[in-house]
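What follows is a set of notes on a single structure, which appears directly below.
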Amino acid sequence: MTFISDSEADALKAFLSRRSVLGTTAAVGGLLATPLSAFAAGASSEAGAAEITVDQARQAAIPIVIPNFGAGLGEQISNVISSDLQSTGLFQVMSGDVSSSSTPDFSALKARGARAAVAGHAVGSGSVRVEMRLWDVVSGDQLQGTAYTASQSNWRRIAHIIADVIYERMLGEKGYFDTRIAYIARTGPRKHQITRLALMDQDGANQRMLTGGQWLTLTPRFNPVRDQVAFMSYANNRPRVYLFDLGSGRQQMLGEFEGISFAPRFSPNGSQVVLSATRGSGSDIFTVDLGSRSKRQLTNSGGAIDTSPCYSPDGSQIVFNSDRGGSPQLYIMSASGGGARRISYGSGHYGSPVWSPRGDLIAFTRIGHGGFSLGVMNPDGSGERILTQGFTVESPTFCPNGRVLAFCRQSASGSGGAGFSSGIGTIDITGFHERPIRTSTGASDPAWSPLNG
């Protein structure tokens, strides 16, 4: 028996019948950012970041004042900034007035218990200009001062970018709010669901369907350097990995294989896709070069199932799932193939491995004792920690800074599929602050994008 995602299992059961498979300074996307000088004499618009670590913020959320940026669009921008920061569990967002035209009243802000404060203002109709300043209330320093100009349709991106700036200046790490999540939208009864490739902002806004739902669609994955998604589709009853261009909407099959190709992931430089392909009663891992479309076989399973490959951030190694030892476990091998060594030794069956962008952790799904667990371990297999559990919790995917995981949570179903639900949630890598992302349909198979360009 091997262990892959529940949605992949549904698709492959017929084939593998013998087994039960389980401060912004550049123009970006039409958005221009320019620095603002500080009001206070001697204060710097690029002062040192406040000395607060993520671990400290987990223990005590950072009190920060986010004012209204103005009526209409300004209020919407403020709401998105507040929602982004609040969603992390690391910030305690407070409302209140902060002057955008003079130095704030730090005594009043301190009396409220604020650690930081934002001043901001939004103006414009056809295009919008948003000014923001971030102040360290304790020191009185301006940590950031930037004005953003973009078309009005990009107002939400401005808000996410401002939230990213605040996150980075306060915590010393890149934010992840100006990102998207590809996923599988699910509608209909449990046993006959319509699945469509879909896309949304990381906060659940701007949900849109990319495919029509005629064919079973699974496991989207973002190209780290191009506006492109790889996914598995049963289009024309030929289960294969496809590439979807998010700019043009064009999709194309990625290579011809003797059997089913599935479980794709891109290399860190975006030039290759590593995937699984069935051969006889098992499956092996291959790479496909996106330029030449040449294929290279990395494993020779001899009837076992090797699947769910994922590159390390430096591209030197691949973690994957295999039942070559008799039960589904995690292995690491060289990116060129060979030298595979097992890293999972806990109680249960392991699958769906994904390497953190930071390189320090591998997330996984584990099944045992009648349920699923979602966890992380070090790349050598040590330090295993379970973050959350449930009837089904699977398909982990890291945000770009490696601090948060999105995943799929599904409930049990009763007679005829009654009571079944499938949705996407997020959780901190310490198991802190689990929360759902609201979607207009059922959802599964999340894949977090890199930071938007």
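For the sequence shown, position 274 (counting from the first letter as 1) is numbered 274 according to full-length UniProt numbering, and the numbering increases by one without interruption. Every residue, glycine too, gets a C-beta built ideally from N, C-alpha and C. Owing to the predicted nature of the structure, the values given are computational and were not obtained by experimental measurement.
Non-local C-beta neighbours of residue 174 in its own chain, meaning closer than 6 Å and more than five positions away in sequence, comprise 168, 401, ordered along the chain. Secondary structure note for residue 424: its beta strand (DSSP E) is the uninterrupted segment 422-428. The beta carbons of residue 69 and residue 114 sit no closer together than 8 Å. In summary, residue 232 is buried, with 16 or more beta-carbon neighbours lying within 10 Å of its beta-carbon over all protein chains present.
For residue 110, the enclosing alpha helix (DSSP H) stretches over residues 106-111. Three or more Cβ pairs closer than 8 Å define a contact, and the stretch 334-353 meets that threshold against the stretch 372-385. Of the residues 430, 405, 412, the one whose Cα lies closest to the Cα of residue 436 is 405. DSSP, read as helix, strand or coil, puts residue 349 in strand. The beta carbons of residue 182 and residue 224 sit no closer together than 8 Å. Distance from the CA atom of residue 403 to the CA atom of residue 264, rounded to whole angstroms, is 23 Å. Taking the Cα positions, residue 282 is about 56 Å away from residue 134. Linking residue 214 to residue 186 through their CA atoms gives a straight-line distance of about 12 Å. DSSP places residue 283 in the uninterrupted beta strand (DSSP E) bounded by 282-289.
In this structure, the alpha-carbon of residue 414 lies about 44 Å from that of residue 75. With the rule of 3 Cβ pairs closer than 8 Å, the stretch 192-208 does not count as touching the stretch 102-111. Between residue 277 and residue 267, the C-beta spacing is not below 8 Å. Apart from sequence neighbours up to five positions away, the residues of its chain that approach residue 52 with a beta-carbon distance below 7 Å are 62, 170, 171, ordered along the chain. In this structure, the beta-carbon distance from residue 326 to residue 303 does not fall below 8 Å.
CA-CA distance, residue 312 to residue 269, rounds to 11 Å. In the structure shown, residue 208 adopts extended strand secondary structure according to DSSP, grouped into three states.
Contact annotation: residue 255 and residue 295 have beta-carbon atoms nearer than 8 Å.
Straight through space, the alpha carbons of residue 139 and residue 245 are spaced by roughly 48 Å. Residue 377 is bridged by DSSP to 362. In this model, residue 333 and residue 258 are separated by some 24 Å (Cα to Cα). Taken through DSSP and simplified to helix, strand or coil, residue 322 comes out as strand. Note: residue 148 is bridge-paired with 33, 130 in the DSSP secondary-structure output. Assigned with DSSP and collapsed to three states, residue 234 falls in coil, not helix or strand. Where residue 394 is concerned, the enclosing beta strand (DSSP E) starts and stops at 392-398.
Residue 214 carries a coil assignment under DSSP once its states are collapsed to helix, strand and coil. Under the 10 Å beta carbon count, residue 412 is surrounded by fewer than 16 other beta carbons and is classified as exposed.
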